[in-house]
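For reference, the structure is listed below as structure tokens.
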Amino acid sequence: MKAHKYWSVGALIAMFGTYYTGYKKLKSSHKYFALSSMLCMVMAIYTGHKIITGNRKEKAKKEKVTDREE
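In the UniProt record's numbering, the protein residues as written are 1 to 70.
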């Protein structure tokens with residue numbers, strides 16, 4: 001899924017920004033990078049969860065089709 005890849009890359013970039021601004025002691029920038037990193041990580045987890053669980057309606061349809069074939 002493309003969305004998962006993009007959110008993961010965004011989180012990685014935001015983490016590097018958080019580290020850099022923390023190293024340079026830029027408190028206001030550090031706060032915004034940390035919040036954006038957290039947002040990207042939450043979205044990456046959500047899209048990853050959607051990949052793993054899939055669509056329940058499609059699974060139910062597949063089960064009905066296999067039951068009819070038997």
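Backbone N, C-alpha and C fix where the C-beta goes; we use that ideal spot for every residue, glycine too.
Fair warning: this is a prediction, and the values are worked out from it, not measured in the lab.
Whether ALA44 touches ALA14 by CB criterion (7 Å): In the sequence shown, residue 44 corresponds to position 44, counting from 1. In the sequence shown, residue 14 corresponds to position 14, counting from 1. The Cβ-Cβ distance between ALA44 and ALA14 does not fall below 7 Å.
Cut-off 6 Å between Cβ atoms - residues of its own chain near TYR6, not counting five sequence neighbours on either side: What you label residue 6 is simply residue 6 of the sequence shown in a count that begins at 1. Around TYR6: no qualifying Cβ.
Beta-carbon contacts of SER8 that lie in its chain and below 7 Å, excluding the five residues immediately before and after: As a working mapping, residue 8 is identified with position 8 in the sequence shown. Cβ neighbours of SER8 within its own chain (closer than 7 Å, five residues either side excluded): ALA44.
For TYR23 and MET1, the rounded distance between their alpha carbons: Working through the sequence shown from its first residue, we reach residue 1 at position 1. Working through the sequence shown from its first residue, we reach residue 23 at position 23. Inter-residue distance for MET1 and TYR23 is about 34 Å (C-alpha atoms, whole angstroms).
Rounded separation between HIS49 and LYS27 - CA only: Your numbering for residue 49 matches position 49 in the sequence shown. Your numbering for residue 27 matches position 27 in the sequence shown. Distance between the alpha carbons of HIS49 and LYS27: 33 Å.
Which of helix, strand or coil DSSP assigns to LYS64: Here residue 64 refers to the residue found at position 64 of the sequence shown. Note: LYS64 maps to helix in three-state DSSP.
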